[in-house]
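Peer 1:
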Amino acid sequence: ALDAGFDVTFGGLNLSGEFVYEFGNAGSIGDQDLDRDAFGGFAWARYTFDVPYKPFIGARYIYYSGDSNLEDDKAEDFDPMFNGFMGWGQWIMGELVGEAQLANTNKQVIVAELGCQPMENVKATFLYLHNTLNEPYIGVPGVGRFRLEDKSWADEFNLFFDVDVTKWLYVHVGLGYVTPNDAAEEVFGDNNDAFFTQVWLWFKF
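Going by this note's numbering, the letters in the sequence shown line up with residues 1 to 205, in that order.
1. Which partner residues of Trp202 appear in the DSSP bridge assignment?
2. Assuming contact is defined by CB atoms lying nearer than 8 Å, are Ala59 and Val111 in contact in what I supplied?
3. Can you name, in chain order, every residue of its own chain whose Cβ lies under 6 Å from the Cβ of Tyr170, other than the five neighbours on each side?
4. Give a yes or no on whether the C-beta atoms belonging to Gly115 and Glu156 are separated by under 8 Å.
5. Return the chain-ordered list of same chain residues with a C-beta closer than 7 Å to the C-beta of Trp88, the five sequence neighbours on each side being excluded.
6. Less than 8 Å between the CB atoms is what I'm expecting for Asn134 and Ala154, so what's the real figure, rounded?
7. CB-CB under 7 Å to Arg147, same chain, minus the five flanking residues each way: which ones, in chain order?
8. Name the two residues that bound the continuous beta strand (DSSP E) containing Val187.
9. Go to Gly11, then tell me how far its beta strand (DSSP E) extends in each direction, as first and last residue.
10. Determine the extent of the beta strand (DSSP E) in which Thr125 is found, giving its start and end residues.
11. Among all the DSSP beta bridges, which residues are the ones paired with Gly17?
12. Name, in chain order, the residues that DSSP records as bridge partners for Met119.
13. Taking all protein chains shown into account, decide if Thr197 is buried (16 or more other Cβ within 10 angstroms of its Cβ) or exposed.
14. Could you tell me the alpha carbon to alpha carbon distance between Gly189 and Ala183, rounded to whole angstroms?
15. Straight-line CA distance for Leu175 to Phe161?
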């Protein structure tokens, strides 16, 4: 894998991105000897206003290639083992779709974000995420891949609060809602909206 990235700031504007090209022997599945030819990456722009409460607005785009022909010997689906490990919010997007429903392959995510710091030690962030499959299938080779009629997966809405309670304790509270689109309804059926809540406590020593 070849990996390149950047992270630069101009005043209140932060731009970052990372891009990975994967190639070489991808192993064998049955009678197929596969060669990897895949691409993944993200681009992120955020502007923070220099006013009280530090409001910010941003947009992100995450891309993982999918396999356009599941029967040939070219593995075009991105292998997430070789992404850049820059973590949640960059390579991994969304709490429910991005971590529980779809693997980091064969998908695109468009993200809009708004946020602010209502207090010096508190940050609030709202995210809207539109999730689409690159190719109309889900699953991974060797385990099972299922063809679908549509590629539009789901819309996810996240609201996060991050609080530095003391210099030893950090608290995160997250709320979220997911509404499925046509591709997800093929898998889960109609009327399968999902919700989540989460609380993290991090102790620093």
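Note that the Cβ used here is the ideal one computed from N, Cα and C, for glycine as well.
Peer 2: According to the structure data:
1. Tyr170
2. yes
3. If we look at Tyr170 and ignore the five residues flanking it on each side, its Cβ neighbours are Asp164 and Trp202.
4. At a Cβ-Cβ threshold of 8 Å, Gly115 and Glu156 do not count as neighbours.
5. Summary for Trp88: the model assigns pLDDT 47, below 50, so the residue's position carries little reliability; its value from the coordinates is reported in the next sentence. Closer than 7 Å at Cβ, skipping near neighbours: no residue.
6. Not a contact, Cβ separation roughly 15 Å.
7. Pro136 and Tyr137
8. Here Val187 belongs to no beta strand (DSSP E); instead the alpha helix (DSSP H) covers Asp182 to Phe188.
9. Element bounds for Gly11: n/a, residue is neither H nor E.
10. Val122 to Thr132
11. When beta bridges are read from the DSSP output, Gly17 appears opposite Phe6 and Ala43.
12. Val122
13. exposed
14. Using only the alpha carbons, I get a separation of about 10 Å.
15. 9 Å
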